[in-house]
Amino acid sequence: MSSPDSAVLAATVPASGRPRLAPHVRLTFDRARDRHVLLRPECVVVLNRTGADILGLCDGRRTVAGIVEDLRKRYDRVAEADVQRFLSGLVDRRCVRIDPEPAPDRDTEAVDG
Amino acid sequence: MDRPFGLLAELTYRCPLACPYCSNPIDLAGYRDELTTAEWLRVLEEARELGVLQCHLSGGEPLLRRDLVELVRRATELGLYTNLVTSAVGLSRRRAEELRAAGLDHVQISIQAEDPAVSDRIAGTPSYARKIEAARVVKELDWPLTVNVVLHRQNIDGLADIVGLAEELRADRVELANTQYYGWAWRNRAALLPTRDQLERAEKVVREASRRLAGRMDVVYVLPDYYEQYPKPCMGGWGARQLTVAPNGDALPCPAAQTLPLPRASVREESLVRIWTDSPLFRRFRGTDWMPDPCRSCDRREVDFGGCRCQAFQLTGDAARTDPVCHLSPDHGIVVEAVRAANEEERPDTLVPRPHRAGSS
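Those protein sequence lines, which keep their order, are chains Z and G. Numbering-wise, the first sequence is residues 1 to 113 according to the UniProt record's numbering. Numbering-wise, the second sequence is residues 1 to 361 according to the UniProt record's numbering.
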């Protein structure tokens with residue numbers, strides 16, 4: 001897990017990045033499996049509870065560091081590198097996008113869209 | 001037992017196109033008595049109950065169903081991610097807006113070739129201009145768009161232009177899938193199977209396009225499995241992740257499975273849940289117990305699941321054999337011979353079009 005590859009991957013999601021779901025990706029709860037899932041045209045990602053909690057915080061405003069801080073209120077031990085690794089896996093699967101700092105002015109965008 | 005993720009809802013086999021690589025059944029006579037709206041609504045509900053999360057509305061041409069908007073609306077209410085797989089013939093702006101309002105999540109439009117004349121010739125009907133127009137409407141409505149092009153000997157050399165067209169249409173994905181030899185495509189195999197040189201050129205184009213378009217457009221390329229070393233993991237395993245419901249209500253573990261000499265399972269007679277769980281059809285090749293050697297002892301048995309049962313049947317007459325595409329299959333010589341012929345022999349230029357329209361009313 002701590003291979004050079006995963007370090008490179010995790011580096012694509014900096015602590016200052018602001019993750020959000022990629023356009024047209026839906027986060028939903030599947031009662032049949034009792035799990036949260038991510039839906040895209042050609043793929044379904046079944047999430048565990050921690051994964052669902054992380055994605056629930058990916059609103060394009062919070063930074064990865066901010067998300068980790070929030071998670072620490074709910075969980076005893078949260079390693080920032082684990083969160084980065086999880087998100088970078090979803091970036092590779094085109095489910096998550098990372099906005100760099102500074103945060104875009106989302107309020108304006110929300111009015112337009 | 002696993003729960004399925006995807007339902008391929010083949011709403012009708014009627015189609016305005018006559019593509020010579022059509023994978024729908026050869027004999028369509030048994031599919032004219034289509035499920036009613038009420039029956040499809042029940043199928044969608046039962047699919048969701050079973051755990052299905054994605055619903056691919058396909059055919060034939062699904063737009064020929066007048067109840068399409070209603071089916072999409074119900075699928076959306078149930079929480080299904082809906083994908084329309086269409087020729088785009090009949091996707092007027094008004095119809096598109098209705099589908100958008102009903103909650104349709106994604107649109108996949110087929111194009112037969114980059115060149116309008118070639119595209120129309122392969123489709124068997126003037127359709128290129130309408131497809132382009134519909135693709136533009138899809139993007140204007142801010143839908144995610146996949147452009148799908150079935151590749152073969154007669155259009156694969158235009159791959160770079162096909163990618164360029166998808167880019168110009170602002171597609172989010174372009175799916176470049178070589179023909180699979182089922183149904184009508186099987187009849188035209190000699191005229192469709194590309195040469196090794198063609199595939200090498202195509203792969204170069206795909207590599208360059210993927211690099212250039214990274215982050216903007218997904219480029220998905222599927223090699224003809226005849227040229228692969230290992231078979232495709234058909235449907236992610238038999239009765240494991242996907243199921244198909246044909247226009248007449250037959251439930252199938254693989255869209256080509258109606259060709260197999262197995263007992264039928266129909267949503268007109270049983271619930272989808274029961275079919276998935278208990279039917280002899282869905283249990284026949286589930287898991288790995290059915291496998292012969294070399295699959296049985298192979299490390300890849302849970303990777304490719306022995307390949308495609310329908311292809312094994314088509315090529316060997318026995319659906320329980322290893323897919324002959326696998327280089328370890330005792331029947332691999334059949335595939336080797338087809339590939340040899342594609343590379344060394346004169347091949348017919350003429351494609352036999354699928355006479356869809358004659359049988360469509």
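Glycine is no exception: its CB is placed at the ideal position from the N, C-alpha and C atoms.
Rounded to whole angstroms, Leu165 (chain G) and Gly56 (chain Z) show a C-alpha spacing of 37 Å. By DSSP's assignment, Phe29 (chain Z) forms a beta bridge with Z:His36. Around the beta-carbon of Tyr181 (chain G), 16 or more other beta-carbon atoms lie within 10 Å, marking it buried. Residue pairing by DSSP places Cys55 (chain G) opposite G:Leu7 and G:Thr82 in a beta bridge. The Cβ-Cβ distance between Gln108 (chain G) and Ala123 (chain G) does not fall below 8 Å. A distance of 8 Å or more separates the beta carbons of Arg347 (chain G) and Ala160 (chain G). Taking the Cα of Gly236 (chain G) as reference, the smallest distance to any Cα among G:Ala202, G:Ala251, G:Gly287 and G:Gln198 is reached at G:Gly287. Interface annotation for the stretch 1-16 of chain G against chain Z: Arg3, Phe5 and Gly6, criterion Cβ-Cβ distance under 9 Å. Rounded to the nearest whole angstrom, the CA to CA distance from Arg173 (chain G) to Cys43 (chain Z) is 13 Å. Secondary structure of Asn343 (chain G) (DSSP, three-state): helix. For Asp53 (chain Z), the enclosing alpha helix (DSSP H) covers residues Arg49 to Gly56. Neighbours of Arg61 (chain Z) in chain G, taken as residues at a C-beta separation under 8 Å, are lacking, since the least C-beta distance is about 22 Å. 8 Å or more divides the Cβ of Asp53 (chain Z) from the Cβ of Leu27 (chain Z). When the beta-carbon positions are compared, His56 (chain G) and Ala9 (chain G) come within less than 8 Å of each other. In chain Z, no part has a C-beta under 8 Å from the C-beta of Asn24 (chain G); the shortest such distance is about 21 Å.
His36 (chain Z) has a beta carbon lying at 8 Å or more from every beta carbon in chain G. For the pair Pro20 (chain G) and Val339 (chain G), the CB atoms are not nearer than the 8 Å cut-off. Proximity of chain Z to Leu99 (chain G) at the Cβ level (cut-off 7 Å) is not reached, the minimal Cβ distance being about 15 Å.
In this structure, DSSP gives Cys308 (chain G) a state outside helix and strand, which the three-state scheme calls coil. Judged by DSSP secondary structure, Ile98 (chain Z) falls outside any alpha helix (DSSP H) and instead within the beta strand (DSSP E) spanning Val96 to Asp99.
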